[in-house]
Amino acid sequence: MFLRPLASNLQQKTTSTFISNVIVILNHSLHDQTFAANSSSSSHFHFPQHISQTNSLIASHVRRGDPVSAWILFHSLRRARADVDAYTFTSVLRACPLLHISHLGTQVHAQMLKTGADSGTVAKTSLVGMYSKCGSLDEAVKVFDEMGHRDVVAWNALLSCFLRCDLPFEAVGVLGAMGRENVELSGFTLCSALKSCASLKALELGRQVHGLVVSMGRDMVVLSTALIDFYSSVGCTDDALKVFCSLKGWKDDMMYNSLVSGCVRNRRYSDAFKVMGLVRPNAVALTSALVGCSENLDLWAGKQMHCVAVRLGFTLETQLCNALLDMYAKCGKVLHARSLFDGICEKDVISWTSMIDAYGRNGQGREAVLLFQEMMEEGRKVLPNSVTFLSVLSACGHSGMVEEGKKSFKLLREKYGLEPDPEHYACYIDILGRAGNIEGVWSAYHNMVEQGTRPTAGVWVALLNACSLNQDVERGELAAKHLLQLEPNKSSYIVLVSNFYATIGRWDRVDELRSIMRTKGLVKEAGNSWINVPGFNQHARSLPA
DNA sequence: CTAGGGTTAG
1 MFLRPLASNL
11 QQKTTSTFIS
21 NVIVILNHSL
31 HDQTFAANSS
41 SSSHFHFPQH
51 ISQTNSLIAS
61 HVRRGDPVSA
71 WILFHSLRRA
81 RADVDAYTFT
91 SVLRACPLLH
101 ISHLGTQVHA
111 QMLKTGADSG
121 TVAKTSLVGM
131 YSKCGSLDEA
141 VKVFDEMGHR
151 DVVAWNALLS
161 CFLRCDLPFE
171 AVGVLGAMGR
181 ENVELSGFTL
191 CSALKSCASL
201 KALELGRQVH
211 GLVVSMGRDM
221 VVLSTALIDF
231 YSSVGCTDDA
241 LKVFCSLKGW
251 KDDMMYNSLV
261 SGCVRNRRYS
271 DAFKVMGLVR
281 PNAVALTSAL
291 VGCSENLDLW
301 AGKQMHCVAV
311 RLGFTLETQL
321 CNALLDMYAK
331 CGKVLHARSL
341 FDGICEKDVI
351 SWTSMIDAYG
361 RNGQGREAVL
371 LFQEMMEEGR
381 KVLPNSVTFL
391 SVLSACGHSG
401 MVEEGKKSFK
411 LLREKYGLEP
421 DPEHYACYID
431 ILGRAGNIEG
441 VWSAYHNMVE
451 QGTRPTAGVW
461 VALLNACSLN
471 QDVERGELAA
481 KHLLQLEPNK
491 SSYIVLVSNF
501 YATIGRWDRV
511 DELRSIMRTK
521 GLVKEAGNSW
531 INVPGFNQHA
541 RSLPA
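Residue 470 in the UniProt record's numbering is what sits at position 470 of the first sequence, and the numbering runs on without skipping anything.
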């Protein structure tokens with residue numbers, strides 16, 4: 001009831017944009033030819049006889065991943081003033097978040113209010129889902145609050161709402177409220193509960209949910225997957241393996257994928273390879289396993305993965321190719337990485353970023369910058385993001401390309417409208433410091449503070465390094481003070497600060513820091529280097545034949 | 001006809 005005045009308001013405000021949005025959608029539609037023929041005169045457009053049939057048609061468009069067709073059908077229904085019911089709206093609400101047009105869902109909501117289709121639990125539940133998928137958490141909660149009767153599905157929708165917005169603490173709060181309201185939990189509830197526990201690293205709570213899963217005894221494949229993911233997230237790989245082994249009967253791909261990814265995340269590479277060997281691997285499992293190869297610098301195993309991918313015909317999977325590219329780059333095989341990059345038909349921002357980073361980390365800054373320029377060329381549909389810029393900036397830093405670094409730092413804001421993160425400033429300060437431009441370093445710092453960006457430890461480290469190199473004693477001491485204030489217990493930072501004082505000859509401070517480290521019981525972390533000798537590699541040996 | 005599990009770049 002409260003929303004009625006708001007609805008007419010919205011309707012007025014959005015009518016003009018509504019028409020232009022539809023034109024945009026029509027231009028992008030794969031089916032626009034057939035539709036244009038039909039829509040030129042709406043009397044030639046025949047809808048199925050019953051509204052329920054049209055509803056299923058809209059729903060099936062959405063299911064097929066074609067929200068544009070769903071929207072076109074819905075819109076022509078409205079234009080023809082055909083009857084619609086609450087189910088028409090629930091179907092089209094699922095298409096709204098996929099169309100990425102601002103306020104589209106709000107427009108539908110307004111139409112629902114006008115036709116009275118917004119009452120009822122099912123309609124309101126789909127509105128909650130729509131708003132949360134469009135990023136309007138407040139609106140979603142508002143709709144939920146206005147619901148008269150809430151069934152378990154409505155509660156589950158609210159739960160996923162908080163999970164989607166990365167608010168696991170609030171999600172657990174919803175679980176508590178469900179308990180107080182005596183809502184009977186469903187499998188969906190437990191699934192969301194496990195996800196919350198995973199993000200909160202709440203081992204005990206998760207174990208209790210595990211108990212509920214066992215006692216409920218339904219949806220075991222899906223819930224076991226969620227359990228595997230939960231135990232992997234809290235570092236209990238053995239429990240994840242136990243869940244996997246104790247489930248008898250058929251297991252699907254997702255379950256294998258979850259376990260492979262969990263083993264890799266916990267650096268249990270040989271277990272990951274063993275699990276992969278149990279079935280014919282799919283593209284997702286291979287992608288996870290490749291991360292293990294990259295982290296492990298295990299070129300031998302990585303090449304096996306590559307062979308498997310080729311044999312099973314996964315070479316068109318962009319995400320898998322990206323992981324392969326990265327694996328070759330991390331193992332120092334830039335040329336292999338490049339030929340993979342060239343072979344990717346649908347290059348996404350990660351393909352480009354990984355290749356730029358591959359050049360940068362191997363000291364080929366010139367190639368990195370050239371590839372970045374190629375990426376930015378007119379007519380490319382892939383836009384660089386903040387990670388791309390980090391790779392470019394660090395490539396410039398490693399290769400001493402000061403001018404190129406300055407240029408890309410400017411582009412970040414001016415051409416792409418991105419706000420530099422502290423990490424970008426740290427890279428940029430590093431570039432200027434190495435070039436001996438200490439005044440540039442500090443003006444970049446002041447610039448950052450003026451933008452309201454708070455310096456992180458990484459920024460202070462970059463500033464301190466710049467001061468060491470340029471013998472900027474006073475401001476270096478300032479940076480040292482801030483760094484130790486921010487991270488007083490990190491031995492690597494204490495060593496860094498102590499090295500700074502050694503550079504400027506303040507041995508009293510060096511001794512002071514050493515005794516601080518002793519009293520805090522900190523030791524300098526051992527450095528390590530890693531090489532793989534073919535034939536002496538444990539993970540490679542346990543690879544399935 | 002509303003709600004759920006796995007994957008890639010720093």
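Glycine is no exception: its CB is placed at the ideal position from the N, C-alpha and C atoms.
- Message: Just to confirm the assignment: which complete alpha helix (DSSP H) runs, minimum length 4, are found wholly within the stretch 351-415?
- Response: Listed in chain order, they are 365-376, 386-399 and 402-414.
- Message: Is it buried or exposed, N322, if we count other Cβ atoms within 10 angstroms and call 16 or more buried?
- Response: buried
- Message: Excluding the 5 residues flanking L340 on each side, which residues of the same chain have their C-beta closer than 7 Å to its C-beta?
- Response: C321, L324, L325 and Y328
- Message: Distance check for A123 and L57, CA to CA, integer angstroms please.
- Response: 18 Å
- Under a three-way DSSP split, which group does Q111 fall into? Note: Q111 maps to helix in three-state DSSP.
- Looking at R434 and S397, is the spacing between their C-beta atoms short of 8 Å? The identity of residue 397 in the sequence shown is Gly, whereas the question assumes Ser. Cβ atoms of G397 and R434: closer than 8 Å.
- Message: Just to confirm the assignment, what range does the alpha helix (DSSP H) spanning W250 have?
- Response: No alpha helix (DSSP H) holds W250; DSSP gives it neither H nor E.
- Message: Within the continuous alpha helix (DSSP H) that includes A82, where are the two ends?
- Response: Element bounds for A82: n/a, residue is neither H nor E.
- Could you tell me if the beta carbon of V449 falls within a distance shorter than 7 Å of some heavy atom in the ligand ADP? For the structure depicted, the ligand ADP is absent and the ligand set is empty, with no information on it obtainable.
- Item | Separation of V128 from F144, as counted between CA atoms | 6 Å
- Proximity of V275 and L259 at Cβ, strictly below 8 Å: yes
- Indicate the three-state DSSP secondary structure (helix, strand or coil) for I431 in the structure shown. helix
- Query: If you draw a straight line from the alpha carbon of S391 to that of I51, how long is it in whole angstroms?
  - Reply: 53 Å
- Task: For the alpha helix (DSSP H) containing F341, list its first residue and its last residue.
- Result: V334 to G343
- Item | Alpha-carbon spacing of L483 relative to V461, whole angstroms | 7 Å
- Looking at C-alpha atoms only, which residue of I344, S224, W507 and I350 is the closest neighbour of residue 551? Residue 551 cannot be examined here, being either before or after the span of the chain that is shown, 1 to 545.
- Query: Going by alpha carbons, who is nearest to L137 out of K303, L159, A110 and A117?
  - Reply: L159
- Item | Inter-residue Cα distance where the pair is G313 and L299 | 21 Å
- With DSSP collapsed to three states, give me the class of S233. helix
- Message: I need the DSSP call for V291, collapsed to helix, strand or coil.
- Response: In the structure shown, V291 sits in a helix (DSSP, three-state: H, G or I).
- Query: At what residues does the alpha helix (DSSP H) containing G179 begin and finish?
  - Reply: P168 to R180
- If you run the structure through DSSP and keep just helix, strand and coil, what is E346? coil
- Rounded C-alpha distance that separates G436 from L522: 33 Å
- Just the C-alpha distance for T189 and R164, rounded to the nearest angstrom, thanks. 14 Å
- Query: Where L393 and V402 are concerned, what is the direct C-alpha to C-alpha distance, given to the nearest angstrom?
  - Reply: Approximately 10 Å, taken between the alpha carbons.
- Sequence-distant residues of the same chain with beta carbon closer than 6 Å to S288, five excluded per side: Within its own chain, the residues whose Cβ lies closer than 6 Å to the Cβ of S288, once the five positions on either side in sequence are excluded, are V260, S261 and V264, listed in chain order.
- Message: For R454, count the other beta carbons within 10 Å of its own beta carbon; 16 or more makes it buried, fewer makes it exposed. Which is it?
- Response: exposed
- Measuring CA to CA, which of T88, C161 and M130 is closest to H75? Its Cα nearest to that of H75, the residue T88 stands out among T88, C161 and M130.
- Going along the chain, which residues of its own chain have a beta-carbon closer than 7 Å to the beta-carbon of V291, five neighbours each way excluded? V264 and A323
- Message: What does the alpha-carbon distance come out to for the pair K242 and Y231?
- Response: 10 Å
- Short Cβ contact (8 Å threshold) for V92 with V108: yes
- Select from G400, E439, D430 and N385 the residue whose C-alpha is nearest the C-alpha of R413. In terms of Cα proximity to R413, the closest of G400, E439, D430 and N385 is N385.
- Message: Along the chain, where does the alpha helix (DSSP H) containing D508 start, and where does it finish?
- Response: W507 to T519
- Decide if residue 570 is buried, meaning its Cβ has at least 16 other Cβ atoms within 10 Å, or exposed. Given a span of 1 to 545 for the chain in the structure shown, any question on residue 570 remains unanswerable.
- Item | Cβ-Cβ distance between I438 and N470 below 8 Å | Closer than 8 Å, so yes.
- Item | Exposed unless 16 or more other CB atoms sit within 10 angstroms - verdict on L175 | Result: buried.
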